[in-house]
Every structure is written in structure tokens, then in C-alpha cells.
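**Student:** Input: one structure, supplied below.
Chains as they are written, first to last, in the numbering used here: chain A, 1 to 169; chain B, 1 to 169.
Put into C-alpha cells, the structure is as follows:
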């Protein structure tokens, strides 16, 4: 069996965007703090945060008081935006048009008039996947994550944020 | 960027199932002929046909007049069945629960009451993908593929099938 797997970078990136969605406006968190909060490798996380920055989803504020913040309002960043910033927006299924390879091809009429029905059906499913991810924003995730934390975790998280958040001028 | 990619085995397997859906009942096609028809490696194709057989989607008729045929009616084999027979039914997103790793955890209360909202949203999208694939049957694909072939290709394909199909006793 082959396996289709979404890399752990997606999980990391979505969690970071969700945390940043909970910060007050203009506040930032350094990459080092985001790595510590999630118990993941800072080096690898920075690679993914750079992808998010490159896609305009995060802003990287330089300098000793700098860090990351969202690049636009959290309700205007979809889960799909974050996933595609990390994994790319290419389709998972790639039609190689094997229907046109075999012995049953008219030699002077090699091209089909229509896209392969199999390719269409596979891509329709990917559209459904993307539409589902597009329907959830990072703001939704932040609200849901907070609702699932419980009072004690919320208090600990607030204390940790208080120690690590930077307020940019 | 990482890439999420569905292996070409899926494309091959769906095309083979679609061709077998167009055969008369009880007729079979040898793996060698299916490989030739699609211009793909027989060795690799047989591996995937074995996965389909293992999942009950194909039947392998042994012997010199044998070959492959569908394991059940074509309208009872979904595109999802074929994809999962090749790729497995594991989810593409794997939550490693990184929310529980960081420094903001109550030491005596390590477990969250609810599943992570991020995991839920990612898996909801995979449900949408699966539901879309489940809605298309191999019978649908065979009808659509034939509709897209044009008269000359249909005639060539019928001639090729006439030379290669085996009728089991």
C-alpha cells in the first residue's frame, strides 16, 4: 500500500496561526516561543512560518521586540489558506492520461475531445476537500480551541502568553 | 514545500476497473492485456490488481483461460472503494496532539476533554473527499468514459477487446 499523508508541518502551521489569532492586535510571538508552546523543533517550524509569511498569512516583525503576527484579520484566513501555504496548491491526484497510451488509439487522432471522466471524478473530490477547508477560518479555530481548553489550561496559557507576547510599537 | 500526492497506482487501478466494468458478464481480461491497454508496467500493475482482488473488488480467475473480472456489479463498486484498496483507508491528516505538549499543561490534568478542533476540521474535509468519491461508481465511470471516446476509438477498443477478452466456462 502507498500512503497519502499530509505532513506534520500542516499541523504545526495551523496551530501557530490559531494561537496568533488569539493575540491582541499588533502583538507578536517569536518563532522560538511558538516552537516551545507546541513542543516542536524551532528550525523546522521556522521553515513553515516562512511559508506562511511568504503567502501573506503571517507578518514577520523584525528586531529584538519582533516576532510573528497574522498578516490579515483571523476571519479572513481560512484553514485552506494555511494548508496550501505549507503543502502547495497542486492537486493530490495527477492524471497522466493513460487512456491515450494503449493500442486502441487512432494514429491520426491522438487527442480526446473531453477530459478523462476518472480525472474529473478525482478532482471533484479534491474540490469538496478544499471547499470544506475553506469554510473554516483561523478565527473559528481559535474560538473552538479556547472552548475546548478548560479553565485551568486557559489560565496557564494566558500566563505563558503574558510572559512571551511582544507588543510592537 | 511538501507535497501530498496520490500514487499513480490509483489512476491505473481505476482505469482497469472501468475497463472491466465494460466487459460482458463472466468475461475476463488477463493482467498482461490490461497493462498493454494502458501502456503501463505489467509487474507494477499486477501488484495493484492484487490489492483490488484482496479487497474483493476484482476476482482473479486462474488458468490459461483466466484473467480478471469485477468481484461484484459495477454499480456496487465506488471510486472510493478502488482508491482505498490501493492507498489504504487511513486519513491523510494525522493529528499528533501537539496542543498537549507545550508548557501550558496542568501537570495533573494532561488530557483534553474534547478532540482538537483543528483535527476535527481537517478530518471533516477528508469526509467530504470520501463522500464525493463514494458518489461515483465504476459503472458511472465506464459509461462516461465510453461517452468520451468517439466512434473511431470505440471501434478500435471493441476490436482490441475482441482479441483479448476471455470467456470463462
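Glycine included, C-beta positions come from ideal geometry on N, C-alpha and C.
1) Sort out for me which residues DSSP pairs residue 28 of chain B with in a bridge.
2) Residue range of the alpha helix (DSSP H) that residue 69 of chain A falls in?
3) Does the segment 43-59 of chain A come close enough to the segment 3-14 of chain A that 3 or more CB-CB pairs lie under 8 Å?
4) Less than 7 Å between the beta carbons of residue 160 of chain A and residue 107 of chain B, yes or no?
5) Within the chosen definition, does the segment 137-152 of chain B reach the segment 75-89 of chain B through at least 3 CB pairs nearer than 8 Å?
6) What is the DSSP secondary structure of residue 132 of chain A, counted as helix, strand or coil?
7) Looking at the structure shown, is residue 20 of chain A part of a helix, part of a strand, or coil, going by DSSP?
8) If we cut at 7 Å on Cβ distances, does residue 132 of chain B have a partner in chain A?
9) My parser needs the alpha helix (DSSP H) runs of 4 or more residues fully inside the segment 31-103 of chain A; what are they?
10) What does residue 144 of chain B reach in chain A if we use C-beta pairs closer than 7 Å?
11) Which residues in chain B sit within 8 Å of residue 101 of chain A, going by Cβ to Cβ distance?
12) Just checking: is the beta-carbon of residue 59 of chain A within a distance shorter than 7 Å of some beta-carbon in chain B?
13) With 9 Å as the limit, tell me which residues of the segment 3-17 of chain A have their beta carbon closer than that to any beta carbon of chain B; keep them in chain order.
14) For residue 142 of chain A, tell me which candidate among B:81, B:94 and B:119 has the shortest Cα-Cα distance.
15) Give the range of the alpha helix (DSSP H) segment to which residue 144 of chain B is assigned.
16) Given this structure, state the Cα-to-Cα distance separating residue 65 of chain A from residue 72 of chain A, to the nearest angstrom.
17) For residue 170 of chain A and residue 37 of chain B, what's the separation of their Cα atoms in angstroms?
18) Whose Cβ in chain A lies nearer than 9 Å to the Cβ of residue 31 of chain B?
19) Whose CA, out of B:91, B:150, B:144 and B:30, lies closest to the CA of residue 63 of chain B?
20) Please identify the residue among A:41, A:26, A:40 and A:89 whose C-alpha is closest to the C-alpha of residue 58 of chain A.
21) Whole angstroms are fine: how far does the CA of residue 41 of chain B sit from the CA of residue 179 of chain A?
22) Against chain B, does residue 74 of chain A count as a neighbour if the rule is that its beta carbon must be under 7 Å from one of theirs?
23) Could you tell me if residue 28 of chain A is buried or exposed, where buried requires 16 or more neighbouring beta carbons within 10 angstroms of its beta carbon?
24) How long is the line joining the alpha carbons of residue 105 of chain A and residue 34 of chain B, rounded to whole angstroms?
25) With distance defined between alpha-carbon atoms, name the residue in A:32, A:122, A:6 and A:96 nearest to residue 163 of chain A.
26) How would you list, in chain order, the residues of chain A whose beta-carbon sits under 7 Å from the beta-carbon of residue 136 of chain B?
27) DSSP three-state call for residue 7 of chain A: helix, strand or coil?
28) Would you please verify whether the beta carbon of residue 77 of chain A is less than 7 Å from any beta carbon of chain B?
29) Are the C-beta atoms of residue 53 of chain A and some chain B residue less than 7 Å apart?
30) Here's a check: name, in chain order, each residue in its chain whose Cβ is nearer than 6 Å to the Cβ of residue 17 of chain A, leaving out the five neighbours to either side.
31) Just verifying my parser: in three-state terms, what is the DSSP assignment at residue 158 of chain B?
32) Cα separation between residue 158 of chain A and residue 8 of chain B?
33) Figure out for me which residue from B:56, B:145 and B:167 has the closest Cα to the Cα of residue 114 of chain A.
34) Identify whether residue 111 of chain A lies in helix, strand or coil by the three-state DSSP scheme.
**Tutor:** Taking the definition as stated:
1) B:166
2) No alpha helix (DSSP H) contains residue 69 of chain A, which is instead part of the beta strand (DSSP E) from 67-70.
3) yes
4) no
5) yes
6) helix
7) helix
8) yes
9) 31-38, 42-54 and 79-87
10) 117
11) 38, 39 and 40
12) no
13) 3, 4, 5, 6, 7, 8, 9, 10, 11, 12, 14 and 15
14) B:119
15) 138-147
16) 20 Å
17) Nothing can be reported for residue 170 of chain A: it is not among the residues displayed for chain A, which extend from 1 to 169.
18) Those within 9 Å of residue 31 of chain B in chain A number zero; the least Cβ separation is about 14 Å.
19) B:30
20) A:26
21) Outside the shown range of chain A (1 to 169) lies residue 179 of chain A, about which nothing can therefore be said.
22) no
23) buried
24) 15 Å
25) A:32
26) 121
27) coil
28) no
29) no
30) 82 and 138
31) helix
32) 48 Å
33) B:145
34) coil
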